[in-house]
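The structure under discussion appears below in the form of structure tokens.
Chains as they are written, first to last, in UniProt numbering: chain A, 1 to 553; chain B, 1 to 553.
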């Protein structure tokens, strides 16, 4: 068989440290902002690999991390996979029983844990499920009082180790990373990333069809490094030879603004709430974010208002992207096509508010209820299926989930989408959240976006609740802003929705709540609302006959 | 084993035709400029695959092309590999015995041949070596009178075929392409490209660290499509969703200028002589090439004067690149690093005149005579070794060449290079052309560049000839421009070199010739000059003792 050298991550590190030895890795820690160069980074990665070797970590072993975004966490990103072990980033926001399931399922041998997360991890500790863990490394310079044992601090762990490491030639099929999806239902599902998958994803994120990262960029991932490898940015930034900025534990809007200003950040990334917070901060404070060129928003839909404000007030492009743990994670990116830059603002925002164009190298299908592909007309919707070199074809040790979520090598994403004539994908709902009323589909997401556009609404979510006649009906849960006139708001919201959507989309009720319950990854937890909602209120509700879909009348 | 879908070329075509259905493929043919869209291109590719199916082509079969740069040749680029066959592009400029060797070695089953090349192919025809060829397809609308048989014209061949083709799911290890290196010595060596290698190369060319191709680009490959897949541009352009412009058979500088102006070409690529010709044309004629943003120059070193003229007179960046058939072919690209844009012109040109920075995803070593890696100081030189996912690890059926040209998975490129402190590679010579005089190395390429900078020199080459005392001594062969004063030129050139280089680098003789003999790929054929050079002239030559390297005195 003809062929070439395997696709592995290490050459990205080699190139960055050799061609960009003086580019910096900057990290906000509890002790202030630390910085070093790629050249020093490479040495530290070598030290880490030697230390893990000495600790008995072998090829194929899983090494877990329970950490925020900082340079030491980044050192594990290249150190662990390049020695042939598998980097398993654990989400510390998960409930204890999920952490237990994950650590036991992955059989981690070493766990790296942030000082501020030691207590959380110790709280989840269970002798039996943590049996595989031979060592805890507290990622800092000191070890807080803890029951975890044996435990070392990171700096002592690597201090004596040599910077030169004899890196092995790895197979591209070697598992290099692992993340668990944190669904709202059932046990988390493990996704393994081979060296090849991470290589492919890294290469795919570099060009325009990905995230368009250049060596001149200064990249600050605000998205946590335990969320699908911070969307791959630590790898991509290295492959581009760009500068890294890690914002550390729980960065405030002020921290972010100050890092942007002081480090000259050009590209940052995170979920929408982070950027809403930054906008609020900028309203009240002087901060120079003029270096910032674009913000990648994912994890949840980017509100049009955020896209508009960053463009009009700060000349920053919001780059909306969509992905999944199952695809390492980038799938679609809402960059503009040639010619669209001259469109008027609102037309541009409309495109940017969609999840965007499929990245080059992937394929997709949008499958309707009848199993056929739907038309690309921006209206017909169906479930998005994707496949490609960085899309997994299975979950780790979960044959029953594999049966359900894959069709051959296609991943059935569980996202219900439309695709417009230009190929822009828009998520209208999660398949499980879409509201099926009288034989038609209602998009909970579109209703939510509409409600959240109201000035007096802080957050809103719409869920389908059982209904005797229409199977399901939408009910809106709204968190009003402080001082809002709730009575007026209720009728205004209903009017707003009525003006914008078919009449059967209008929620039967608008209920006020103090907070939308969220999952560990910050997504709306609709399951809780559905459970809490009293069935009787439906029957007693105001669902008018004329709110039913025409096709059912 | 965890994993994902195989890396194949087809998703690039799928994405271009779905997301950029109206972007054009433009082609200059004997009958004028033809154009169609990606959407139509996809249909034509489907028709071609069905026609090849009907002609009996099966998975793994080799399909040869003997064609210039045009849309029909481009159709074979996706059609042949995506049906599971192997696209073998043959260089029609090779001597007949090489063509015979190549066709026999590759065992092509179908040969696509340009109308203007039918006679050349028929001239190389030999019943025994062409035994595998079951069909000839003349790539046009008519078949000229020929002895080749059975023969069809391309349009009849595909006319009846269906546009829908049931593309197979291929393994990424499936051979997809094949090119032969055309060295000046020995038999051509075959390099097979798997689907994975072409996928990797395509992805690597898209970002800044490659050729930086965007969907807004209009790409015109002047480099022939039989030269390592036109440096991969037909694949890369498709993956980016950019517009293609193919300049057809033997484009004149006028043709190129007119295509740039009329099609809005932003990126073009070819060997230096093409661009010298275009500059000469532009000096004498009105043509608007303002759409042009950059020219990729490879195949031979880009003269500094060309880089300067395009920048100063046309605001066009010359992007110098280096590659090899063995690496599909891109290896290094001389883009500027962050901050260098503000350097003064001459400093920038100095970087751009080098072969550049290794592409992201590859690794390299520069190995000195002692087998150790040389220092990156811009002075020490050694042989460049490379490896990576698009660098082959073997030649097809050539175990003796494999023994010589590879060390493990490293390709020993045969190029002697320096690397400067910033990591820019500069080729100082081919290993076989470097002149070894008195135990020191003399770079024939540096001497040639110096000689060619003289206004009265059209072309120049320097070869090492045997010498009794110093093993080898340099001799220059110079093609003077019309009207040059040869006597004056001879002494001026000697003075010029003496001022710039160590004294033992000064050629023992400067000989005037009418033309530098060239290989089929347009490179200087130094072997011919060495053979033609009369040994006695060395002994009778003027090699002074003081021209010897200091280390030998």
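Each residue gets a CB set at the ideal place from its N, CA and C atoms; glycine is no exception.
- For residue 527 of chain B, the enclosing alpha helix (DSSP H) has its first and last residue at 526-532.
- If you draw a 10 Å sphere on the C-beta of residue 354 of chain A, you find 16 or more other C-beta atoms in it, and that means buried.
- Between residue 224 of chain A and residue 69 of chain A the beta-carbon gap is near 6 Å, inside 8 Å, which marks them as a contact.
- Within chain B, the residues 11, 15 have their CB atoms less than 8 Å from the CB of residue 362 of chain A, given in chain order.
- Just measuring C-alpha positions, the residue of A/496, A/327, A/359, A/203 sitting nearest residue 510 of chain A is A/496.
- Within the same chain, and ignoring the five residues on either side of residue 427 of chain A in sequence, the residues whose Cβ sits closer than 6 Å to its Cβ are 355, 415, 417.
- For the stretch 258-316 of chain A, the full-length alpha helix (DSSP H) segments reaching 4 residues or more read 272-284, 304-314 along the chain.
- Short of 6 Å from the beta carbon of residue 146 of chain A, and not among the five residues preceding or following it, lie these beta carbons of its own chain, in chain order: 118, 122.
- Within the same chain, Cβ atoms closer than 6 Å to the Cβ of residue 49 of chain B are found at 79, 83, 165, the five residues on either side in sequence being excluded.
- Residue 271 of chain B places its beta carbon less than 8 Å from that of residue 299 of chain B.
- Residue pairing by DSSP places residue 429 of chain B opposite B/416 in a beta bridge.
- In summary, no residue of the UniProt domain "AMP-binding enzyme C-terminal" (446-523) of chain B has a CB separated from any CB of chain A by less than 9 Å.
- At a Cβ-Cβ threshold of 8 Å, residue 76 of chain A and residue 63 of chain A count as neighbours.
- In the structure shown, residue 360 of chain B adopts extended strand secondary structure according to DSSP, grouped into three states.
- Residue contact with chain A for residue 175 of chain B: present (Cβ-Cβ distance below 8 Å to some residue of chain A).
- Pairwise C-beta distances place the stretch 32-50 of chain B in contact with the stretch 146-161 of chain B, as three or more of them are shorter than 8 Å.
- Ranking A/439, A/380, A/389 by CA distance to the CA of residue 469 of chain A puts A/439 first.
- Taking residue 59 of chain B as the centre and dropping the five residues before and after it, the same chain places the C-beta of 84 closer than 6 Å to its C-beta, in chain order.
- For residue 118 of chain A, the enclosing alpha helix (DSSP H) starts and ends at 118-124.
- Residues 102, 188, 190 of the same chain have their beta carbon placed closer than 6 Å to that of residue 180 of chain A, with the five preceding and five following residues left out of the count.
- Flagged as an interface residue toward chain B: residue 391 of chain A, by a C-beta distance shorter than 8 Å.
- Looking from the CA of residue 208 of chain B, the closest CA among B/493, B/338, B/278 belongs to B/338.
- Per the coordinates, the alpha-carbon of residue 266 of chain A lies some 22 Å from the alpha-carbon of residue 343 of chain B.
- Under the Cβ criterion of 8 Å, residue 220 of chain A is not counted among the residues facing chain B.
- Around residue 214 of chain A, the beta-carbon contacts reaching into chain B at under 7 Å are 208.
- Contact annotation: residue 471 of chain B and residue 196 of chain B have beta-carbon atoms that are not nearer than 8 Å.
- Identification of residues in the stretch 102-135 of chain B having a C-beta nearer than 9 Å to some C-beta of chain A yields an empty set.
- In the assembly as shown, residue 88 of chain B is a buried residue. Its beta-carbon has 16 or more other beta-carbons within 10 Å.
- Here the C-alpha atom of residue 515 of chain B lies approximately 14 Å from the C-alpha atom of residue 527 of chain B.
- Residue 464 of chain B sits in a strand when the DSSP states are folded into three classes.
- Cβ neighbours of residue 349 of chain B within its own chain (closer than 6 Å, five residues either side excluded): 304, 307, 308.
- Here residue 381 of chain A is near residue 441 of chain A, since their CB atoms are less than 8 Å apart.
- DSSP places residue 79 of chain B in the helix class (H, G or I) of the three-state scheme.
- One thing to note: residue 479 of chain B has its Cβ within 8 Å of the Cβ of residue 458 of chain B.
- Here the C-alpha atom of residue 131 of chain A lies approximately 52 Å from the C-alpha atom of residue 379 of chain A.
- Only 396, 409 from the stretch 396-411 of chain B bring a Cβ to less than 8 Å from some Cβ of chain A.
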